[in-house]
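So the protein sequences, as listed, match chains G and L.
Going by the numbering used here, the first sequence opens with residue 6, and the numbers climb by one from there.
Going by the numbering used here, the second sequence opens with residue 133, and the numbers climb by one from there.
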Amino acid sequence: MAESILQARDLSRHFGGLAALSEVSLACEMGQVHAVIGPNGAGKSTLVNLLSGELAASAGQVLFEGRDITGLAADRISQLGVARSYQKTNLFRQFTAFENCRLAAQSRLRTSMHFFRPALTREDINAEAHRALAQAGLADRHDVVVSALSHGEQRQVEIAMALATRPRMLLLDEPLAGMGAEESARIVALLHELARDHAILLVEHDMDAVFAVANTLTVMVNGRVLESGSPARIRASRAVQEAYLGADSD
Amino acid sequence: MMPRSRSLAIVAILIVAALVLLPFVAEKFTVQFATRILIMAMFAMSLNLLVGHAGLVSLGHAAYFGIAGYCLALASQQSQAANFWTSLPLVMIAAGALALVIGALVLRTGGIYFIMATLAFAQMLYFLLHDTGIAGGSDGMYIYARPDASLFGWRPIDLERFGDFYFVVLALFVVVFGFIGALRASLFGRVLAGIRVNEQRMRSLGFATFRYKLACFVLAGMLAGLAGYLAAVQFGVVNPDMLGWQLSGAVLMMVILGGMGTLAGPVIGAAAMLLLELGLQSLPALGDFNPGKHWQLSMGIVIVLVALFLPEGITRLLRRTAADG
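As structure tokens, this is what we get:
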């Protein structure tokens, strides 16, 4: 097996006495989608928060491109090439879609300690923001203030911002939540496209989408990994059926 | 109708022209009062960098204003005038260094704790100067000779003359205004705006936000130092009240009254507060009660009314009126 780009080893996180995540191990490969599914409260978002550095792990280790990134701050991990989107839309609401992505692109400058030159004259950064917006399917919504966008469009801005930072690893926390069928289909197509040159960790509830794009699945229940493997294996797993998929047997 | 930017540019040119002409038509008191407004406007603009642009509400901003005044006073002892061209940048650097030390500590806190921490540091400095004899204690110090602005023997301006001093302050005001105007649109300014709106998101985008907040804190401290230096030159005296929380609160009021986060807001706020103060001080007596003497009472009422009816400040009110008309 090739060296995994991202590896979690026995990752745990406790909130007081409550174990939100217990000894979770998984690996993401370049060019593949690794989906994490599980019922609400299974610890999926906690996992993303630990991988992106937003939360500190109580125990365990995270390796990115062979380097131990456990305990690094969120901004450092982002600079290494790991981008994330949020389950609950987390944007600069009073800025335009373009400005949201422009800031994301600006983050790749070595420093933003430039006090005089107008930011908008940095054509390289503008182009990067436009590219990301177009890729996420928002080419004609640049100048709309984010709070005036539809919920689905705001989710697309989330993805566009992640792309504008030129990551190699994408952590997408329920990118399809609250999207209509048409928007969902577009994002699933985008995920296929992105999987070519990114590693993607996808947390998602939409099972059709998950089975359409995932190369590997990890099923989590109560903060633990219940089962992990290929879509076919997960579908066939009795434990998964009982604990999770059985709930909506179709 | 003209585009907004062009009509604003015309208004700005008219205001600057009026300010340049002022000393030729107005009497001494008016020129000195205008000088004071310009100095306080610079002070308020420096605080607005923190409060309005980066979303960092400081209640101890007078510390940098006051320390700059004290630096000048200590540099001009025994009626020996300081050199204007060297002392001004040095004093600003000193104020910036103080902001660097305090900022590195207080910026580790957030929200209400940030307000408390900035206030606490400013009050520590206040009592240090008030209760010890290192700089005249509670009486403060006099600056007997204003800084010498001669260049290699040539004396283009004399700060002892109120007209010359006014023009120096006006020129510096224009520079500060232009600098902050450029800063708002710069890469740095955009980072500050992002931090104000959603700092956690900025971090997840890869920005080391602490660094930018600290740079903003130091910049604001240096510009407050510039204002404090000029205030010390104008009044020829410094005392601990220059660092006190009343002044920190008053300048915060100017920023809020004018409009947080706007370019002209702090200037309008400073002018409005000082003119209001002047107006309220000259109210006629009502029998035994002299409202002019107790002007702070009426000021308090005005502030409450502003908070109720103008929570977004004068600038945004003007903007909305202009947009409707």
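Don't be surprised by glycine CBs; every beta carbon is placed ideally from N, CA and C.
Since this is a predicted model, take the numbers as computed values, not measurements.
Proximal residues of chain L, C-beta to C-beta of residue i below 8 Å
i: P119 of chain G; result: Checking the sequence shown, residue 119 of chain G turns out to be His, not Pro. Result: S318, L319 and F320.
i: P180 of chain G; result: Correct list: empty, because the minimum Cβ distance to chain L is about 15 Å.
i: A109 of chain G; result: L337
i: M166 of chain G; result: L337
i: A124 of chain G; result: A317, S318, L319, G321 and R322
CA nearest to the CA of residue i, picked from the options
i: L450 of chain L; options: L:Q212, L:G424, L:M405 and L:G391; result: L:G391
i: G411 of chain L; options: L:F284, L:Q428, L:Y276 and L:V238; result: L:Q428
i: L188 of chain L; options: L:A404, L:L251, L:G313 and L:M374; result: L:L251
i: L375 of chain L; options: L:I169, L:A195, L:M386 and L:E409; result: L:A195
i: L31 of chain G; options: G:L96, G:E232 and G:F121; result: G:E232
i: A182 of chain G; options: G:S90, G:L222 and G:Q37; result: G:S90
i: R107 of chain G; options: L:P155, L:Y202, L:G326 and L:A186; result: L:G326
i: T394 of chain L; options: L:F421, L:G321 and L:M405; result: L:G321
i: G338 of chain L; options: G:V151, G:P172 and G:L207; result: G:P172
i: A231 of chain L; options: L:G313, L:L355, L:Y245 and L:I145; result: L:L355
i: F120 of chain G; options: L:L351, L:R136, L:R448 and L:P372; result: L:L351
i: A226 of chain L; options: L:T241, L:L204, L:Q210 and L:N215; result: L:L204
i: Q12 of chain G; options: G:D145, G:M174 and G:R113; result: G:M174
i: V370 of chain L; options: L:T218, L:L206, L:S137 and L:A404; result: L:L206
i: P288 of chain L; options: L:L319, L:L179, L:V323 and L:W217; result: L:W217
i: L177 of chain G; options: G:A144, G:D202, G:Q92 and G:L125; result: G:Q92
i: T126 of chain G; options: L:T264, L:V223, L:V233 and L:A317; result: L:A317
CB-CB length for residue i against residue j, believed under 8 Å
i: R328 of chain L; j: D80 of chain G; result: R328 of chain L to D80 of chain G, Cβ: 17 Å. No contact.
i: G357 of chain L; j: A200 of chain L; result: 4 Å
i: T101 of chain G; j: H147 of chain G; result: 7 Å
i: T170 of chain G; j: A109 of chain G; result: 5 Å
i: M273 of chain L; j: A281 of chain L; result: At roughly 21 Å, the Cβ-Cβ gap does not stay under 8 Å, so M273 of chain L and A281 of chain L are not in contact.
i: G310 of chain L; j: A254 of chain L; result: Actually they are not in contact, since the Cβ atoms of G310 of chain L and A254 of chain L sit about 29 Å apart, beyond 8 Å.
i: M385 of chain L; j: P398 of chain L; result: About 11 Å; that fails the 8 Å criterion.
i: L220 of chain L; j: V301 of chain L; result: About 12 Å separates the two Cβ atoms, so there is no contact after all.
i: A168 of chain G; j: A137 of chain G; result: The sequence shown places Leu at residue 168 of chain G, not Ala. The pair is a contact, with the Cβ atoms about 4 Å apart (cut-off 8 Å).
i: L406 of chain L; j: I169 of chain L; result: 5 Å
Contacts of residue i in chain G (Cβ-Cβ under 7 Å)
i: S336 of chain L; result: S57, E59, A79, S83 and R89
i: T232 of chain L; result: First, the amino acid is wrong: residue 232 of chain L is Leu here, not Thr. What L232 of chain L touches in chain G: nothing, since even the nearest Cβ is about 14 Å away.
i: L315 of chain L; result: F120
i: G326 of chain L; result: F97 and L108
i: Y196 of chain L; result: Here the premise fails: no neighbours, minimum Cβ distance about 19 Å.
Under 7 Å from the C-beta of residue i: neighbouring residues of chain L
i: M174 of chain G; result: The contacting residues do not exist; M174 of chain G stays about 13 Å from chain L at best.
i: S112 of chain G; result: L337, G338 and F339
Status (buried if at least 16 other CB within 10 Å, exposed otherwise) for residue i
i: M118 of chain G; result: exposed
i: V157 of chain L; result: exposed
i: L260 of chain L; result: exposed
i: V436 of chain L; result: exposed
i: D255 of chain G; result: Model confidence at D255 of chain G stands at a pLDDT of 42, short of 50, so the residue's coordinates are unreliable and nothing is read from them.
i: V365 of chain L; result: buried
i: Q159 of chain G; result: buried
i: H197 of chain G; result: exposed
i: M6 of chain G; result: Residue placement at M6 of chain G cannot be trusted, given a pLDDT of 48 that sits under 50; what the coordinates show is reported in the next sentence. Burial call: exposed.
i: P443 of chain L; result: exposed
i: Y298 of chain L; result: buried
i: F69 of chain G; result: buried
i: A62 of chain G; result: buried
i: N422 of chain L; result: exposed
i: W377 of chain L; result: buried
i: P416 of chain L; result: exposed
i: P279 of chain L; result: buried
i: K49 of chain G; result: buried
i: D15 of chain G; result: exposed
i: K160 of chain L; result: exposed
Interface partners of residue i on chain L, CB under 9 Å
i: S50 of chain G; result: Correct list: empty, because the minimum Cβ distance to chain L is about 13 Å.
i: N95 of chain G; result: N330, Q332, R333 and S336
i: T170 of chain G; result: L337 and G338
Chain-ordered chain G contacts of residue i [CB-CB under 8 Å]
i: A347 of chain L; result: M118
Near the ligand GTP: residue i beta-carbon under 7 Å from a heavy atom
i: R171 of chain G; result: Absence of the ligand GTP from the depicted structure is noted, as is the absence of any ligand whatsoever, leaving it without description.
Cross-chain neighbours of residue i in chain G, by beta carbon under 9 Å
i: Y344 of chain L; result: S117 and M118
Uninterrupted alpha helix (DSSP H) stretches inside the region 91 to 164 of chain G (no shorter than 4 residues)
As summarised for the region 91 to 164 of chain G, the continuous alpha helix (DSSP H) elements at least 4 residues long and confined to that stretch are 102 to 111 and 128 to 140, given in chain order.
Give the list of continuous alpha helix (DSSP H) stretches no shorter than 4 residues that lie fully inside the region 14 to 72 of chain G.
For the region 14 to 72 of chain G, the continuous alpha helix (DSSP H) assignments of 4+ residues that do not extend past its boundaries occur at 49 to 56, in sequence order.
Whole beta strand (DSSP E) elements within the region 327 to 380 of chain L, 3-residue minimum:
none
In chain order, which beta strand (DSSP E) runs of at least 3 residues are fully inside the region 164 to 226 of chain L?
none
My parser needs the alpha helix (DSSP H) runs of 4 or more residues fully inside the region 191 to 221 of chain G; what are they?
212 to 218
In chain order, which continuous runs of the beta strand (DSSP E) of length 3 or greater are located wholly inside the region 223 to 247 of chain G?
229 to 234
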